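Here the protein sequences line up with chains P and E, keeping their order. Numbered according to my numbering, the first sequence spans residues 1 to 137. Numbered according to my numbering, the second sequence spans residues 138 to 547.
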Amino acid sequence: MAYSEKVIEHYQHPRNVGTLDPNDPNVGTGLVGAPECGDVMRLQLRINPETGMIEDAKFKTFGCGSAIASSSLATEMIKGKSVDEAYAIKNTVIVKELNLPPVKIHCSVLAEDAIKAAIEDFKKKRASATVEAEAVA
Amino acid sequence: MVKLPIYLDNNATTRMDERVFEAMRPYFIEYYGNAASRNHAFGWKAEEAVDWGRETIARSIGADPKEIVFTSGATESDNLAIKGIAEMYASKGDHIITLTTEHKAVLDTCKALERKGHRVSYLPVTREGFVDLDMLRDAITDKTVLVTIMHANNEVGVIQDLEAIGKLCHEKGVIFHTDSTQSVGKVPFDVQRMNVDLASISAHKIYGPKGVGALYVRKKNPRVKLASQMDGGGHERGMRSGTLNVPGIVGLAKAIEICIEDMESDTKRIQSMRDKMWMDFRAELDEIYINGPDPIDKPESRLPGNLNVSFAFVEGEALMMGIKDIAVSSGSACTSASLEPSYVLKALGVGEDLAHTSIRFGIGRFNTQEECDYTVKDVVQSVRHLREMSPLYEMAKAGIDLTKIEWAAH
Numbered sequence: 001m002a003y004s005e006k007v008i009e010h011y012q013h014p015r016n017v018g019t020l021d022p023n024d025p026n027v028g029t030g031l032v033g034a035p036e037c038g039d040v041m042r043l044q045l046r047i048n049p050e051t052g053m054i055e056d057a058k059f060k061t062f063g064c065g066s067a068i069a070s071s072s073l074a075t076e077m078i079k080g081k082s083v084d085e086a087y088a089i090k091n092t093v094i095v096k097e098l099n100l101p102p103v104k105i106h107c108s109v110l111a112e113d114a115i116k117a118a119i120e121d122f123k124k125k126r127a128s129a130t131v132e133a134e135a136v137a
Numbered sequence: 138m139v140k141l142p143i144y145l146d147n148n149a150t151t152r153m154d155e156r157v158f159e160a161m162r163p164y165f166i167e168y169y170g171n172a173a174s175r176n177h178a179f180g181w182k183a184e185e186a187v188d189w190g191r192e193t194i195a196r197s198i199g200a201d202p203k204e205i206v207f208t209s210g211a212t213e214s215d216n217l218a219i220k221g222i223a224e225m226y227a228s229k230g231d232h233i234i235t236l237t238t239e240h241k242a243v244l245d246t247c248k249a250l251e252r253k254g255h256r257v258s259y260l261p262v263t264r265e266g267f268v269d270l271d272m273l274r275d276a277i278t279d280k281t282v283l284v285t286i287m288h289a290n291n292e293v294g295v296i297q298d299l300e301a302i303g304k305l306c307h308e309k310g311v312i313f314h315t316d317s318t319q320s321v322g323k324v325p326f327d328v329q330r331m332n333v334d335l336a337s338i339s340a341h342k343i344y345g346p347k348g349v350g351a352l353y354v355r356k357k358n359p360r361v362k363l364a365s366q367m368d369g370g371g372h373e374r375g376m377r378s379g380t381l382n383v384p385g386i387v388g389l390a391k392a393i394e395i396c397i398e399d400m401e402s403d404t405k406r407i408q409s410m411r412d413k414m415w416m417d418f419r420a421e422l423d424e425i426y427i428n429g430p431d432p433i434d435k436p437e438s439r440l441p442g443n444l445n446v447s448f449a450f451v452e453g454e455a456l457m458m459g460i461k462d463i464a465v466s467s468g469s470a471c472t473s474a475s476l477e478p479s480y481v482l483k484a485l486g487v488g489e490d491l492a493h494t495s496i497r498f499g500i501g502r503f504n505t506q507e508e509c510d511y512t513v514k515d516v517v518q519s520v521r522h523l524r525e526m527s528p529l530y531e532m533a534k535a536g537i538d539l540t541k542i543e544w545a546a547h
């Protein structure tokens, strides 16, 4: 199976590989997939609490080239977007952009799941922080 | 400078040896007769070549020329042996014993027979891939007609003790077939010493042409009979009809002849490259695991050129993409048609997480030390690069027990 040029490009030069402090209240972490399935994505984003915009995004992925490319592209796409805009991103956009063949569509689904999981983690943190703040008050 | 790409997938197929090619050449364009044409020189010349091939192959494995049946390859040989015995001895029994780690040509043939009412026992193997002789003994019943156990495994290279297995089968009066596709020509193989009744042989794994193979069928002590699976002109003593592939047969015989002649020097060179590769990987990388018998501790139990390694926390297909100038195989699901990782590794008790990270290196006659050194360098660099972006490696290094995490299987 031949890989699309875009997949190879992201594989060779992945964007935003790295780790954000998971304990930062403004950082949301999404960890999806399973080692047994051959795919694990961890996507992190830092959100500006004032503006609700995604200021930074990082990923680390265990998986095939298409999985790496999907997560790399996902971090690129969500940077600078609002939380709601990022949450609305569909896997089909990734499929189209990377020209993924049918057997690799699950990689794009995983990337979409990772974005959503990261945002939900952030929201959960915010909610519990608010509860704590209220409790203190 | 190393010439790229590098072929290190010699357990899948091999480059044909030029000596084999030269031996075959005249039988395409000069001596193109049908070996079954008994009444003219074209036929005689072809028949002569087939006779030479049959004798050469027989001599190489300790057999009689009349015990060699030519086929289109090992898959056909496996089918003919297993289905042929099941059908011929149906009145005696309906039970077959095999291993979970066999090649698909054996496993799927057994499954086809199960659909027709035969019973098949698929024996498990040890962590290194060996059959348990006691378990085999216990599995044999008075309804068992065939035991089919491969000599050397194509994925992890483990070599079974055929002598002991064959002896046990003969004591119990059960016919013993072995898929010796990966072993004939690479390690000593003798049908008498090993008590083998049927053996599948392929040309393209031993620097011969694709599309030709043979089945050894024992003629005495005991005399083994087969129900043919291909009907037609009654070639190969009725066991396999079809005009003989004369150039292919010459190629198969020449390939085996060269393998036997060069076995000692080939093995020494190939094994030393394999061992160095394994030791170099171990010196450069942590968290890597051998699949199958340890090449250094048990060299006699592993095919000389086979190395199967799990590079933990790095997915196999991603690694192959990183070493794109080197041809290898992976047990990862992503590189196969199925969604499951290698069933052979699974049978050895390798977890699916590690199975996804496995790479098979198959070193052969035409590989050089320079190629192997280049490969080690390239693999090490890629593994490091991919581990830098592997969340699992980061977590493992931070002391997180990955088995305790509730992963959402997808």
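Backbone N, C-alpha and C fix where the C-beta goes; we use that ideal spot for every residue, glycine too. As the structure is a computational prediction, the values presented were derived from the model and not from experiment.
Within-7 Å CB hit, residue i to chain E
i       : result
V95(P)  : no
F122(P) : no
T27(P)  : Residue 27(P) is actually Val in this sequence, not Thr. Judged by the 7 Å Cβ criterion, V27(P) is not in contact with chain E.
R42(P)  : yes
P35(P)  : yes
G30(P)  : no
G52(P)  : no
C64(P)  : yes
K60(P)  : yes
Y11(P)  : yes
Cβ shell of residue i (< 6 Å), same chain only, five flanking positions each side left out
i       : result
G468(E) : P478, S479, L482, A492 and S495
G610(E) : Since the displayed chain E opens at 138 and closes at 547, residue 610(E) lies outside it and no answer follows.
Y426(E) : S447
Y144(E) : A464
V206(E) : L352, V354, E373, M376 and R377
P22(P)  : T29
Y511(E) : V139
A67(P)  : D39, T61 and C107
E192(E) : P202
Minimum Cβ-Cβ distance from residue i to chain P less than 7 Å
i       : result
E489(E) : yes
P528(E) : yes
A455(E) : yes
W544(E) : yes
M331(E) : no
S402(E) : no
H522(E) : no
S469(E) : yes
H240(E) : no
H493(E) : yes
Close beta carbons around residue i, own chain, < 7 Å, minus the five adjacent residues each side
i       : result
S317(E) : H288, F326, A336, S337 and I338
M410(E) : I500, N504, Q506 and C509
L141(E) : D462
A111(P) : M41, S70, S71, A74, N91 and I94
V109(P) : N91
G379(E) : M367, G369 and H372
N147(E) : G442, G499, I500 and G501
T404(E) : P441
Neighbourhood of residue i by C-beta, 8 Å cutoff - its chain only, sequence neighbours within 5 removed
i       : result
M416(E) : I433
Pair within 7 Å by beta-carbon distance, residue i and residue j
i       : j       : result
G322(E) : I393(E) : yes
A118(P) : G28(P)  : yes
N460(E) : V513(E) : In the sequence under discussion, the amino acid at residue 460(E) is Ile, which differs from the Asn named in the question. Their beta carbons are not under 7 Å apart, which means I460(E) does not touch V513(E) by this criterion.
S258(E) : A276(E) : yes
T237(E) : A484(E) : yes
V262(E) : V284(E) : no
A390(E) : I194(E) : yes
F158(E) : P384(E) : no
G345(E) : G388(E) : yes
A449(E) : E424(E) : yes
M414(E) : L444(E) : yes
P35(P)  : D412(E) : no
G221(E) : G350(E) : no
I78(P)  : I54(P)  : yes
Cβ-based burial, residue i [other Cβ within 10 Å; buried from 16]
i       : result
Q518(E) : exposed
S402(E) : exposed
D538(E) : exposed
R162(E) : exposed
H13(P)  : exposed
A545(E) : exposed
Original post:
Three or more C-beta pairs closer than 8 Å, one from the stretch 519-538 of chain E and one from the stretch 168-184 of chain E: is that the case here?
Top reply: Flag = no, the stretch 519-538 of chain E and the stretch 168-184 of chain E do not touch.
Original post:
Do the stretch 188-206 of chain E and the stretch 239-257 of chain E make contact, defined as three or more Cβ pairs closer than 8 Å?
Top reply: no
Subject >> the stretch 262-269 of chain E contacting the stretch 286-298 of chain E, beta-carbon criterion three pairs below 8 Å >> reply: yes
**OP:** Could you tell me whether the stretch 369-376 of chain E touches the stretch 225-234 of chain E, where touching means 3 or more Cβ pairs closer than 8 Å?
**Re:** no
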